[in-house]
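S.K.: With numbering that gives the first Met the number 0 as the guide, the letters of the sequence shown map in order to residues 0 to 468.
Please read through the structure below; I'll follow up with questions.
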Amino acid sequence: MSPQPLILKFGGTSVGTPEAMRQAARVIARTRREHGPVVVVTSALSGITDLLLSSTRAAAQNAAFPGREQAVERILGAHQAIAAALLPPERRPAALETVRRRVETFRRLLDAIAVLGEVTPRAWDAVASLGERMSAPLLAAVLAAQGIPAQPSDAANLIVTDRAFQNAQPDLEASTPRIRARLHPLLETGITPVVTGFIGATPDGLTTTLGRGGSDYTAALLGAALDAAEVHIYTDVDGVMSADPRIVPDARTLPRLSYREVAELAYFGAKVLHPKTIRPVVERGIPLRVRNTFNPDGPDTLIVARAEAVSGTVKAVTLIRDLRLLTVEGRGMLGVPGVAARTFAAVAATDTSVVLITQASSEQSITFAVPAEAAEPIAAALERTFAAEIARRDIDRIAITPQVAIVTVVGAGMQHTRGVAGRIFTAVGEAGVNVLAIAQGSSEVAISFVVEAEEAEAAMRAVHGLTRA
Ligand code: ADP
Ligand code: ASP
Ligand code: MG
Numbered sequence: 000m001s002p003q004p005l006i007l008k009f010g011g012t013s014v015g016t017p018e019a020m021r022q023a024a025r026v027i028a029r030t031r032r033e034h035g036p037v038v039v040v041t042s043a044l045s046g047i048t049d050l051l052l053s054s055t056r057a058a059a060q061n062a063a064f065p066g067r068e069q070a071v072e073r074i075l076g077a078h079q080a081i082a083a084a085l086l087p088p089e090r091r092p093a094a095l096e097t098v099r100r101r102v103e104t105f106r107r108l109l110d111a112i113a114v115l116g117e118v119t120p121r122a123w124d125a126v127a128s129l130g131e132r133m134s135a136p137l138l139a140a141v142l143a144a145q146g147i148p149a150q151p152s153d154a155a156n157l158i159v160t161d162r163a164f165q166n167a168q169p170d171l172e173a174s175t176p177r178i179r180a181r182l183h184p185l186l187e188t189g190i191t192p193v194v195t196g197f198i199g200a201t202p203d204g205l206t207t208t209l210g211r212g213g214s215d216y217t218a219a220l221l222g223a224a225l226d227a228a229e230v231h232i233y234t235d236v237d238g239v240m241s242a243d244p245r246i247v248p249d250a251r252t253l254p255r256l257s258y259r260e261v262a263e264l265a266y267f268g269a270k271v272l273h274p275k276t277i278r279p280v281v282e283r284g285i286p287l288r289v290r291n292t293f294n295p296d297g298p299d300t301l302i303v304a305r306a307e308a309v310s311g312t313v314k315a316v317t318l319i320r321d322l323r324l325l326t327v328e329g330r331g332m333l334g335v336p337g338v339a340a341r342t343f344a345a346v347a348a349t350d351t352s353v354v355l356i357t358q359a360s361s362e363q364s365i366t367f368a369v370p371a372e373a374a375e376p377i378a379a380a381l382e383r384t385f386a387a388e389i390a391r392r393d394i395d396r397i398a399i400t401p402q403v404a405i406v407t408v409v410g411a412g413m414q415h416t417r418g419v420a421g422r423i424f425t426a427v428g429e430a431g432v433n434v435l436a437i438a439q440g441s442s443e444v445a446i447s448f449v450v451e452a453e454e455a456e457a458a459m460r461a462v463h464g465l466t467r468a
């Protein structure tokens, strides 16, 4: 048996129902038997973080917030269903007590937010963290009921972060001694820690979160701090695939992927793995695998430092929906200094991130993609910024398209390879899809193009035909 622990992280869908949590517990039991010590990291039950955050938003907008009790019932119900299915009656009250306490905290926080009529970033994280603070104790109770000694561990005691609430940056150096001091004694006595994913705390103890999907990051940080044998990210599909299997049914598992490719995939919509995750483990040479909880012996993905790029290979296709394109155009733009800088300064002032930019070589227009709901306010901001130029007709107009999607083709083998773009756009053209804009990813391992929302899936399937593992 290896003395180095394995880190096993389970995503929301891997713990979200009684069947899922039973299966996760099976994977944990088997890994312990076959490998030895494991540290479990869990997400909130699927849908719970979304529900916590949408309730928070609703409470800030409307103090009466009619959906509140419904939200509370759903949260309680999801956890109770698991306790009822997987715990013997005598263990249920203790296990559900934690859930009830968290739900009380949730109610109190909603009250405070409703009174204030606004949510501070700190309050967001106080609410957002509750999902994992319910799922981890429940999963620990389920393991204990199956004879696996387990103890929940709140990552606020383990992971030190900065004060950037909602997207906090962990300090691995400061966290490592805490992680070791808390988890080594458990592991040495054969107890399996069940750590809340997603959560950290500032040095003075305020709860922070690591960004949506951040439980992967928690697993990686623990892996690095404990010098883990491997880190396994368990999800509901067979690893990282050549496309989202929900959209492209014949998507295949990618057996090896570099972390740059993963970052590119995540940035362009395939959020199967939190990109920041990979760094701490890959840099230490700790293998990181993405596996399917529901098919644990099936194919999986190993994340490596550098992919052996096979020239010309397209590996995967991703999709980002719900965008609109904005274009600043005008024949007089050529002579106007700093149009691009002023455009993006105006966009930044609306607190929106731009997903993709293209500029016509003639410099007569700049086109960029933004989340659909941000498009109108940004257009208004640009009209203010360029009021003088518009009046002079140097800039003709700020145009907005209907909804579009970005399809991105990813693969390190595309770097410096001629003909890849040709093959991509031939395939898209043959599928009868009209391409509205094109951009090359910053890292050169991706090519993105914009299509109308209705044509997105057809475009994806067309380019998926070019992928090879
Ligand atoms: P978890 O809750 O386990 O963290 P996520 O929802 O974060 O799971 O990620 C898994 C989901 O990512 C899958 O259910 C799948 O639909 C979606 N997905 C999108 N693109 C891909 C891809 N290229 N490969 C695998 N899954 C993908
Ligand atoms: N529960 C958090 C989220 O939904 C973190 C995670 O699942 O990784 O974003
Ligand atoms: Mg995830």
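Don't be surprised by glycine CBs; every beta carbon is placed ideally from N, CA and C.
Fair warning: this is a prediction, and the values are worked out from it, not measured in the lab.
Below 7 Å, is the gap between the Cβ of D49 and the nearest heavy atom of the ligand MG?
M.R.: Position 50 of the sequence shown, counted from the first residue, corresponds to residue 49. No; taking the cut-off as 7 Å, the Cβ of D49 has no heavy atom of the ligand MG nearer than that.
S.K.: Report yes if the C-beta distance between A371 and L322 is below 8 Å; otherwise report no.
M.R.: Position 372 of the sequence shown, counted from the first residue, corresponds to residue 371. Position 323 of the sequence shown, counted from the first residue, corresponds to residue 322. Going by beta carbons, A371 and L322 fall inside the 8 Å limit.
S.K.: From R181 to L157, what distance separates their C-alpha atoms?
M.R.: For the purposes of this step, residue 181 is identified with residue 182 of the sequence shown, where counting begins at 1. For the purposes of this step, residue 157 is identified with residue 158 of the sequence shown, where counting begins at 1. Those two C-alpha atoms are separated by around 7 Å.
S.K.: Please state whether the Cβ-Cβ distance between V141 and V38 is less than 8 Å.
M.R.: Stepping through the sequence shown from its first residue, residue 141 is reached at position 142. Stepping through the sequence shown from its first residue, residue 38 is reached at position 39. Cβ atoms of V141 and V38: not closer than 8 Å.
S.K.: Kindly examine the ligand ASP and report whether one of its heavy atoms sits closer than 7 Å to the Cβ of A43.
M.R.: The residue you call residue 43 lines up with position 44 of the sequence shown. Yes, the Cβ of A43 comes within 7 Å of a heavy atom of the ligand ASP.
S.K.: Taking 7 Å as the cut-off, is the C-beta of M133 nearer than that to any heavy atom in the ligand ADP?
M.R.: Counted from its first residue, the sequence shown places residue 133 at position 134. Incorrect: M133 has no Cβ contact closer than 7 Å to the ligand ADP.
S.K.: Quick one: what's got a C-beta closer than 7 Å to A84's C-beta in the same chain, skipping five residues either side?
M.R.: The residue given as residue 84 occupies position 85 in the sequence shown. For A84, where only same-chain residues beyond five positions count, the Cβ hits under 7 Å are P17.
S.K.: Whole angstroms are fine: how far does the CA of S447 sit from the CA of R320?
M.R.: In the sequence shown, residue 320 corresponds to position 321, counting from 1. In the sequence shown, residue 447 corresponds to position 448, counting from 1. R320 and S447: Cα-Cα distance of roughly 13 Å.
S.K.: So, at 7 Å on beta carbons, what are the nonlocal neighbours of Q3 in its own chain, with the 5 sequence-adjacent residues on each side left out?
M.R.: By 1-based counting over the sequence shown, the position of residue 3 is 4. Hits under 7 Å: D226, A227 and A228.
S.K.: Taking DSSP as the reference, what is the three-state secondary structure of N61?
M.R.: The residue given as residue 61 occupies position 62 in the sequence shown. If DSSP states are grouped into helix, strand and coil, N61 belongs with coil.
S.K.: In this structure, does DSSP put M0 in helix, strand or coil?
M.R.: As a first step, residue 0 must be located in the sequence shown, where it is residue number 1. No answer about M0 holds up, because its pLDDT of 45 lies below 50 and its placement is not dependable.
S.K.: Tell me whether P36 is buried or exposed, calling it buried when 16 or more other Cβ atoms sit within 10 Å of its Cβ.
M.R.: Stepping through the sequence shown from its first residue, residue 36 is reached at position 37. Under this definition P36 is a buried residue.
S.K.: Under the assumption that I423 contacts V409 (Cβ atoms under 8 Å), give the Cβ distance between them as a whole number of angstroms.
M.R.: Your numbering for residue 423 matches position 424 in the sequence shown. Your numbering for residue 409 matches position 410 in the sequence shown. Here I423 is actually not in contact with V409; their C-beta atoms are around 11 Å apart, not less than 8 Å.
S.K.: To which residues of the same chain is A143 closer than 8 Å at the C-beta, ignoring the five residues directly before and after it?
M.R.: Here residue 143 refers to the residue found at position 144 when the sequence shown is read from its first residue. Same-chain partners within the cutoff: R90 and A149.
S.K.: When burial is assigned at 16 or more other CB atoms within 10 Å of the CB, is T41 buried or exposed?
M.R.: Taking the sequence shown and counting its residues from 1, one reaches residue 41 at position 42. Buried, by the Cβ-count rule.
S.K.: Along the chain, where does the beta strand (DSSP E) containing L435 start, and where does it finish?
M.R.: In the sequence shown, residue 435 corresponds to position 436, counting from 1. First-last of the beta strand (DSSP E) with L435: V434 to Q439.
S.K.: Check the C-beta distance from T217 over to V271 and give it rounded, since I have them as a contact under 8 Å.
M.R.: On the sequence shown, position 218 is the one that residue 217 refers to. On the sequence shown, position 272 is the one that residue 271 refers to. Actually they are not in contact, since the Cβ atoms of T217 and V271 sit about 16 Å apart, beyond 8 Å.
S.K.: Reducing DSSP to helix, strand and coil, say where I112 ends up.
M.R.: The residue you call residue 112 lines up with position 113 of the sequence shown. It is helical.
S.K.: Can we say the region 128–142 touches the region 163–178, given the rule of at least three CB pairs closer than 8 Å?
M.R.: no
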